[in-house]
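Chemist: The structure under discussion is supplied below as structure tokens; questions concerning it will follow.
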Amino acid sequence: MSNVSNYRLPMPLVDVDQAFSTVAELEAVLTKLHKRAVWFLSTRSAAEVDEEYEELGAYVWTVKTDDEFTAHFELAERRHAVSAIPEDALCVPFAGTWRLRDVEAVIKSDNWKIAFLVIGTDHFLEKFRGGSLH
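All residue numbers for the sequence shown refer to the working numbering, where the first residue is -9 and numbers rise by one.
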């Protein structure tokens, strides 16, 4: 019998959302989502961040209910995402096997934050405004 404990977190690893009412709030909302995701990852124990996960993806999408929008961000393995995340969500893949600590380092980077803002804005524009940043 092994003394090694399994510290794998349940899917999704990160699941945050933020409501907003106007397009003008979108950048601020996406920035808050990014900060909340970084906070969540940074609060994991050392054992949890050293666990390995397969085919992770950072998924971003926006939904509209009545007069309000909600932006969503999830970090999950692809096998979870297939059944739990909307088909139109945009994804930044982490192909292969990743330790949560390494994913955290990438997500904290300025380049990743900029990419996150772009894909979040792109999803919103494509879905609700018929356009894209590209």
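Beta carbons: idealized from backbone N, C-alpha and C, even for Gly. Computed from a prediction, not measured in an experiment: that's the story for all the values here.
Looking at A48: is its Cβ nearer than 9 Å to the Cβ of E64?
Modeler: yes
Chemist: What span of residues does the alpha helix (DSSP H) with R68 cover, start to end?
Modeler: R68 to A74
Chemist: Under 9 Å, Cβ to Cβ, is there at least one residue of chain B near A71?
Modeler: This model lacks chain B altogether, as it is built from one protein chain only.
Chemist: So which of V6, M1 and F10 has the shortest CA-CA distance to K54?
Modeler: F10
Chemist: Quick one: Cα of R(-2) to Cα of S73, how far?
Modeler: 20 Å
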